[in-house]
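Numbering (my numbering), first residue to last: 18 to 201. Ideal Cβ positions, reconstructed from N, Cα and C, are used throughout, including at glycine. Working notes, structure below.
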């Protein structure tokens, strides 16, 4: 039984890294097929490769913290949300376009998440609060952007809502994981 569990973890780990590689191959294939609007430079591929490697490494750290599925789902939401937030800001910009300096405010959201994870040592109960704080930071930046009319209101509201939902979903999963450990 333990061998099967080890294989599954090893299989899932390999699948995650293969998926990351596949994500990096998609724009290359699209460009070869002449897809309109897909024009990546070598710098784009390097940047995405670094982001995927960092996200994969972060998830590896989380995955080693707990073998629980719920914990890992919370970690996947936290890491995936961070990757998506960076990607959106680099590609098109969350507020206005990618050159808008207001997009740098989202670095504070990521700082809350990363510093919080370090402080609580990625423990499930602490991560639930960290992700709640991350959701609050996201909402504050979105509110600031709206109040300052720093971009299109509908883009800010939709983007803020999406990321707050990701962070809250992660918080809920970490909370469930912490309860499972306490009662299990």
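Compute the Euclidean distance between the alpha carbons of residue i and residue j, then round it to the nearest angstrom.
{"i": "residue 103", "j": "residue 144", "result": "20 Å"}
{"i": "residue 125", "j": "residue 30", "result": "30 Å"}
{"i": "residue 67", "j": "residue 41", "result": "10 Å"}
{"i": "residue 83", "j": "residue 89", "result": "7 Å"}
{"i": "residue 61", "j": "residue 123", "result": "20 Å"}
{"i": "residue 71", "j": "residue 99", "result": "10 Å"}
{"i": "residue 81", "j": "residue 45", "result": "32 Å"}
{"i": "residue 28", "j": "residue 166", "result": "47 Å"}
{"i": "residue 185", "j": "residue 149", "result": "6 Å"}
{"i": "residue 154", "j": "residue 119", "result": "14 Å"}
{"i": "residue 191", "j": "residue 43", "result": "32 Å"}
{"i": "residue 158", "j": "residue 63", "result": "28 Å"}
{"i": "residue 87", "j": "residue 193", "result": "7 Å"}
{"i": "residue 139", "j": "residue 131", "result": "10 Å"}
{"i": "residue 39", "j": "residue 32", "result": "10 Å"}
{"i": "residue 134", "j": "residue 50", "result": "42 Å"}
{"i": "residue 20", "j": "residue 35", "result": "The predicted model places residue 20 with a pLDDT of 42, which falls under 50 and marks its position as unreliable; any figure quoted below should be read in that light. Approximately 22 Å between the Cα atoms of the pair."}
{"i": "residue 200", "j": "residue 137", "result": "Its pLDDT being 39, under 50, residue 200 is placed unreliably by the model, and nothing is read from it."}
Any heavy atom of the ligand ADP within a distance shorter than 7 Å of the CB on residue i?
{"i": "residue 158", "result": "Among the components of this structure there are no ligands whatsoever, and the ligand ADP is therefore not found."}
Shortest alpha-carbon distance to residue i belongs to which of the options?
{"i": "residue 109", "options": "32, 183, 189 and 176", "result": "176"}
{"i": "residue 178", "options": "160, 135, 32 and 86", "result": "160"}
{"i": "residue 129", "options": "85, 114, 115 and 147", "result": "147"}
{"i": "residue 114", "options": "73, 173 and 43", "result": "173"}
{"i": "residue 127", "options": "151, 107, 106 and 142", "result": "151"}
{"i": "residue 106", "options": "191, 189, 180 and 78", "result": "180"}
{"i": "residue 37", "options": "73, 158 and 133", "result": "73"}
{"i": "residue 121", "options": "69, 162 and 136", "result": "162"}
Throw me the rounded Cβ distance for the residue i and residue j pair, which I believe falls under 8 Å.
{"i": "residue 48", "j": "residue 55", "result": "5 Å"}
{"i": "residue 96", "j": "residue 76", "result": "5 Å"}
{"i": "residue 195", "j": "residue 141", "result": "4 Å"}
{"i": "residue 197", "j": "residue 85", "result": "6 Å"}
{"i": "residue 79", "j": "residue 59", "result": "Incorrect: roughly 31 Å between the Cβ atoms, too far for contact."}
{"i": "residue 183", "j": "residue 52", "result": "Between residue 52 and residue 183 the Cβ distance is about 27 Å, and since that is not below 8 Å, they are no contact."}
For the alpha helix (DSSP H) that residue i lies in, which residues bound it at each end?
{"i": "residue 71", "result": "59–82"}
{"i": "residue 146", "result": "141–164"}
{"i": "residue 111", "result": "Looking at the DSSP string, residue 111 is not in any alpha helix (DSSP H), and its letter there is neither H nor E."}
{"i": "residue 168", "result": "Element bounds for residue 168: n/a, residue is neither H nor E."}
{"i": "residue 130", "result": "123–136"}
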